[in-house]
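Novice:
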Amino acid sequence: MLTQKKGGVFKKIGILFVSSILVLFFIVMYMALSRATIVIEPKEETISADLFVTVKSANLTKGDILGKMATTTISREASYTVSGDDREVPAKAEGEVIIYNKYGKDQQLIATTRFLSDNGVLFRLVNGINVPAGKSVTALIRADSEGKEGEVAISHFTIPGLSNDLQKYIYGESEKVMTGGTKKVAALTQEAIDEAVDNLKLTLITEAKEKLKDKITLDSTFVGIAYSGDIKDGKISAKPGDTVDSFKVSIIMDVVGIAYSKDLEEQAAKTLAGIIYSDRKLTSSNLLSLQPEVETVDLEAGAANMKVAIEGKTIINSNSQIFDKEKMAGMSAEEVKEYLSQYAGVESVEIKFFPFWLDKVPKLRDHIKVVVR
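First residue of the sequence shown: 225, per the working numbering; consecutive thereafter.
1. For residue 418, which of helix, strand or coil comes out of DSSP?
2. Provide the residue(s) that pair with residue 380 in DSSP beta bridges, ordered along the chain.
3. Output needed for residue 553: all residues of its chain with C-beta closer than 6 Å, excluding positions within five of it in sequence on either side, in chain order.
4. Residue range of the alpha helix (DSSP H) that residue 530 falls in?
5. Sort out for me which residues DSSP pairs residue 332 with in a bridge.
6. Ordered along the chain, which non-local residues of its own chain (more than five positions away) have a Cβ less than 8 Å from that of residue 563?
7. How many Å lie between residue 415 and residue 459 at the Cα?
8. Taking residue 388 as part of the alpha helix (DSSP H), name the residues at either end of that continuous run.
9. Among residues of its own chain, excluding the 5 on either side of residue 310, which ones have a beta-carbon nearer than 7 Å to its beta-carbon?
10. Would the beta-carbon of residue 533 fall within 8 Å of that of residue 404?
11. Compare the Cα-Cα distances from residue 450 to each of 523, 481, 461 and report the closest residue.
12. Would you call the region 471 to 478 and the region 294 to 314 in contact, with 3 or more CB pairs under 8 Å?
13. On the CB-based measure, 16 or more other CB atoms within 10 Å of its CB, does residue 540 come out buried or exposed?
14. Would you kindly work out how many angstroms separate the C-alpha atoms of residue 594 and residue 581, rounded to a whole number?
15. Got a sec, what are the start and stop residues for the alpha helix (DSSP H) residue 260 sits in?
16. Classify residue 423 as buried or exposed, calling it buried when 16 or more other Cβ atoms lie within 10 Å of its own Cβ.
17. Report the residue from 396, 589, 365 whose alpha carbon sits nearest the alpha carbon of residue 375.
18. Rounded C-beta distance between residue 478 and residue 295? I'm assuming under 8 Å.
19. For residue 477, does the three-state DSSP call read helix, strand or coil?
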């Protein structure tokens, strides 16, 4: 009896021991195998800066860029169409009239024959016609003067050029109101003038490039050329507010071409590198397509001041402090997403757990992996 009791105790102890070992095993396996991979879809951010440099052909000081210059003078006149209907102006109203001939002979009426309405508004026949005896002909008449007074209602029209007797037999009748006493026309604006001048300047600079290509070229020393135009004389055939269909712009312009060395590109690269945050990496830039803008030129000194617009795209990298594993440890997937969504460089977040039944980020730092796509 005692032996049976001892055997039962030992059996229970054995089961408890094995159970403890299994629990401990699963805890150790859980801690050893549990993983969380946090996948970040970064949001691209634009960075930019302006680099100001001096380009010189000689007597360079620290920071100056080696360059060379060539100039030419070029001129051209161009016409530009004015679009729009910005202004209402008086015009000659017109309309159809039925001309009756109740006389015994045909009546020839030449162009500009006068027709007088009942309210005293004078019109003229647009095209000459022949009105057969006993017949009627429809013709177009136009007001002699501009303005809304020409928009007369349905009316009887006498023909003052005929004798008083003939006016009783040969006359006109309208069946519709005359229209067109005003019209919408385009008015020239300062904006349109400025746009035309800028357009012509670009055309002249393009032509100047061809003229300068034998004087200034790219080689192993000079990697780019910037051009600048200075208008010496110009004329515009109309002024703002004029109601014209088109206008002319003529320009005489001095164009200078300024070649610069690769030092400009190197300075631009350093400038761009200096504005990239430590937790960002560059994905693209305009360093291979810089467009320096000439601000001032001193031909006698062989020097020019230029502004270079530099731009790049960056994304956050996986070493950023925002991906602090200590902060994310123990968080659920939703908590991780909410935490990271507050940062501008994060577009979206995906969390992958292993084993699949996990629902929180492991506590151990080395079991958390951050991946930036």
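Beta carbons: idealized from backbone N, C-alpha and C, even for Gly.
Specialist: Put simply:
1. Here residue 418 sits in helix by DSSP.
2. In DSSP, residue 380 forms a bridge with 397.
3. Excluding residues within five positions, the ones whose Cβ falls inside 6 Å are 585, 587.
4. Counting along the chain, residue 530 sits inside no alpha helix (DSSP H); it lies in the beta strand (DSSP E) bounded by residues 527 to 540.
5. DSSP output for residue 332 lists 354 as bridge partner(s).
6. Same-chain partners within the cutoff: 551, 552, 555.
7. In this model, residue 415 and residue 459 are separated by some 16 Å (Cα to Cα).
8. For residue 388, the uninterrupted alpha helix (DSSP H) segment begins and ends at 388 to 391.
9. So the qualifying residues of the chain are 410, 411.
10. No; because the gap between Cβ atoms is not below 8 Å, this pair is not in contact.
11. Out of 523, 481, 461, the CA that lies nearest to the CA of residue 450 is found in 481.
12. These segments touch.
13. Flag for residue 540 reads buried.
14. Roughly 20 Å separates the two Cα atoms.
15. No alpha helix (DSSP H) holds residue 260; the beta strand (DSSP E) holding it covers 259 to 266.
16. When all chains shown are included, residue 423 counts as exposed.
17. Nearest option by C-alpha distance: 365.
18. Right, their Cβ atoms sit about 6 Å apart.
19. Looking at residue 477 - three-state DSSP - the assignment turns out to be strand.
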